[in-house]
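Asker: Note that the sequence shown covers residues 0 to 208 in numbering that gives the first Met the number 0.
Can you read through this structure? Questions will come right after.
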Amino acid sequence: MPIVDFIIPDYFTRIVTWKVSETNDELLRILKLNKKRQERYDSLTPKRKREYLGLRACLMALGLDDTVQYTPEGKPFVEGTYNISVSHSHGMVCVGASSFNIGVDIELERDEKINNIKYKFIREDEFKFIPEDQEKDYYHIIWGLKEALYKIHQGNLWSFLNHYRVEPFSLKSDKPIICWIIDEESSVKYYAHYKKINNCYMAYVLNYE
0 MPIVDFIIPD
10 YFTRIVTWKV
20 SETNDELLRI
30 LKLNKKRQER
40 YDSLTPKRKR
50 EYLGLRACLM
60 ALGLDDTVQY
70 TPEGKPFVEG
80 TYNISVSHSH
90 GMVCVGASSF
100 NIGVDIELER
110 DEKINNIKYK
120 FIREDEFKFI
130 PEDQEKDYYH
140 IIWGLKEALY
150 KIHQGNLWSF
160 LNHYRVEPFS
170 LKSDKPIICW
180 IIDEESSVKY
190 YAHYKKINNC
200 YMAYVLNYE
C-alpha cells in the first residue's frame, strides 16, 4: 500500500498521504466496499472513481473508514471525535483528521502556473517577506495554506486576498506559520505547517483555540 507520508503533529491530529498507483481493481480488493459504497463508486466518472478510492484508502489507513459520516454538504466527519479534511492532486490524496478544526491541501509543484497566478492570492504585505531566491517555494506554500483555510471555512469566504492572511515565516524554521481567516466581524488565528512530499507541497492548518 503506497502510503507516502503519515504524520502525527500532535496527540489529537493525524495526516496521511497516499499515492494512488494501484489499479482500481487492486484497490477494490483492498477496500472491500459495502453495497452502498459500491453503488456510489459505480456512479462516478473515471477520475472521481480514482479520487474516491484514494479517499477510502486514506480513511482506512487512519482507522476511520468504518466510522466516517457526511454532512448534508458532503463534508466527512467522525461524530464527537474528528474533523476531517481531504485534498487531491494528480494521483495524490491527503486526508487530515483532528479534534481541532483542520484544513489540508496538497498540490503538484507547477512553477509556471503558480507564478502566473501569484497576484490573485498573495497580498502586498505577504510579497514583502518573500525572499527573491525562494519565491517558488513561498508561492506554493502560501497557496496551499490559503486553500487549507478556504476548506476550513467550507468556501464561504472566497477571496484569497481579502479573507486569508499569512504572517512572515522562514523556510529554515520549524515554528508554526501563523495565518488568519478574516471577515467583516472578526479574525480567527490558525497555526500552519507545510511539507514537501515527492514533487508535491502539502500544507495543513489547525485552530487550537
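Each residue gets a CB set at the ideal place from its N, CA and C atoms; glycine is no exception.
Give the single residue among Ile14, Lys46, Ile180, Glu111 whose Cα lies nearest to the Cα of Phe159.
Answerer: For the residues Ile14, Lys46, Ile180, Glu111, the minimum Cα distance to Phe159 belongs to Ile180.
Asker: Ignoring anything shorter than 3 residues or poking outside the segment 95–121, list the beta strand (DSSP E) runs there in chain order.
Answerer: Runs of the beta strand (DSSP E) inside the segment 95–121: 100–107.
Asker: For a test of the three-state rule: what should DSSP assign to His89, helix, strand or coil?
Answerer: If DSSP states are grouped into helix, strand and coil, His89 belongs with coil.
Asker: In the DSSP assignment, find the unbroken alpha helix (DSSP H) run with Pro45 in it and report its ends.
Answerer: Segment 45–60, the alpha helix (DSSP H) holding Pro45.
Asker: Hey, Leu58 and Val67: beta-carbon distance below 7 Å or not?
Answerer: Contact: yes.
Asker: For Arg36, tell me which candidate among Tyr69, Thr22, Glu123, Val19 has the shortest Cα-Cα distance.
Answerer: Measuring from the Cα of Arg36, the nearest candidate turns out to be Tyr69.
Asker: Any chance you could list the beta strand (DSSP E) runs of at least 3 consecutive residues sitting entirely within the segment 128–173, in chain order?
Answerer: Entirely contained in the segment 128–173, the beta strand (DSSP E) runs reaching 3 residues are, in chain order, 163–165.
Asker: On the criterion of 16 or more Cβ atoms from any shown chain inside 10 Å, does Ser42 qualify as buried, or is it exposed?
Answerer: Per the 10 Å Cβ criterion, exposed.
Asker: Consult DSSP for Phe5 and reduce its assignment to one of helix, strand or coil.
Answerer: Strand at Phe5.
Asker: Count the other CB atoms within 10 Å of the CB of Phe168; is the residue buried (16 or more) or exposed (fewer)?
Answerer: Burial call: buried.
Asker: If you run the structure through DSSP and keep just helix, strand and coil, what is Asn197?
Answerer: Asn197 falls in the coil class under three-state DSSP.
Asker: What is the DSSP secondary structure of Phe126, counted as helix, strand or coil?
Answerer: In the structure shown, Phe126 sits in a helix (DSSP, three-state: H, G or I).
Asker: Are there three or more Cβ pairs, one per stretch, closer than 8 Å when the segment 145–163 is compared with the segment 108–117?
Answerer: Too few Cβ pairs lie closer than 8 Å, so no.
Asker: My guess is that Ala147 and Ala202 are in contact by the Cβ rule of under 8 Å, so how many angstroms apart are they, rounded?
Answerer: Yes, Ala147 and Ala202 are in contact; Cβ-Cβ is about 5 Å, under 8 Å.
Asker: Is it the case that the Cβ atoms of Asn100 and Ile177 are separated by a distance below 7 Å?
Answerer: Cβ atoms of Asn100 and Ile177: not closer than 7 Å.
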